[in-house]
Amino acid sequence: MGFFDGIDQLDLFLTRCRTLSLGSVPVCLASMVFFIKEEGWHFSFLACCILPLVAAYLGFRGKREIRAGMSATAAVLAGATLPLTFALATVEGF
Numbered sequence: 004m005g006f007f008d009g010i011d012q013l014d015l016f017l018t019r020c021r022t023l024s025l026g027s028v029p030v031c032l033a034s035m036v037f038f039i040k041e042e043g044w045h046f047s048f049l050a051c052c053i054l055p056l057v058a059a060y061l062g063f064r065g066k067r068e069i070r071a072g073m074s075a076t077a078a079v080l081a082g083a084t085l086p087l088t089f090a091l092a093t094v095e096g097f
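All letters in the sequence shown, in the order written, are residues 4 to 97 by my numbering.
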């Protein structure tokens with residue numbers, strides 16, 4: 004028996020991961036533009052530009068190839084991008 008009881012739960016998980024990873028792209032890009040206007044450019048904002056695109060790619064590919072691990076990685080990348088960017092900007096500011 005696997006982690007998911009049936010195909011419906013696996014499909015729901017893959018769809019949610021894909022949606023989360025795709026939704027993080029405009030959020031991260033908009034926040035990057037906002038913070039560049041407010042505080043100036045930091046090299047840590049590159050993570051906010053690149054990581055959501057990688058997460059969206061992994062989310063779509065994980066859904067298409069039915070790979071739960073790849074989709075979970077996409078969801079983790081999408082969720083960790085903004086905190087990672089802010090932590091790196093704080094360290095860069097010192």
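Note that beta-carbon positions come from the ideal geometry of N, C-alpha and C, so glycine has one too.
Apart from the five residues just before and just after residue i, which ones in its own chain have a Cβ nearer than 8 angstroms to its Cβ?
{"i": "Leu-32", "result": "Cys-51, Cys-52 and Pro-55"}
{"i": "Phe-48", "result": "Met-35, Phe-38, Ile-39, Thr-88 and Ala-92"}
{"i": "Thr-84", "result": "Ser-27, Cys-31, Ala-50, Cys-51, Leu-54, Pro-55 and Ala-58"}
{"i": "Leu-61", "result": "Ser-24, Met-73, Ser-74, Thr-76, Ala-77 and Leu-80"}
{"i": "Ile-69", "result": "Leu-13 and Leu-17"}
{"i": "Gly-126", "result": "Nothing in the structure corresponds to residue 126, since the chain is present only between 4 and 97."}
Quick one: is residue i buried, meaning 16 or more other Cβ sit within 10 Å of its Cβ, or exposed?
{"i": "Met-4", "result": "Low per-residue confidence applies at Met-4: pLDDT is 44, beneath 50, and the placement is therefore not dependable, though the value from the model is reported in the following sentence. Classification for Met-4: exposed."}
{"i": "Thr-18", "result": "exposed"}
{"i": "Arg-21", "result": "buried"}
{"i": "Gly-106", "result": "With the chain covering 4 to 97 only, the question about residue 106 has no answer from this structure."}
Report all residues from its chain with a CB closer than 7 angstroms to the CB of residue i; omit the five preceding and five following residues, and keep chain order.
{"i": "Glu-95", "result": "His-45, Phe-46 and Ser-47"}
{"i": "Glu-98", "result": "Here the chain comprises residues numbered 4 to 97, so residue 98 is not present and cannot be evaluated."}
{"i": "Phe-63", "result": "Arg-21"}
### Message
List, from N- to C-terminal side, the alpha helix (DSSP H) runs of 4 residues or more that fit wholly inside the stretch 6-74.
### Response
10-42 and 48-68
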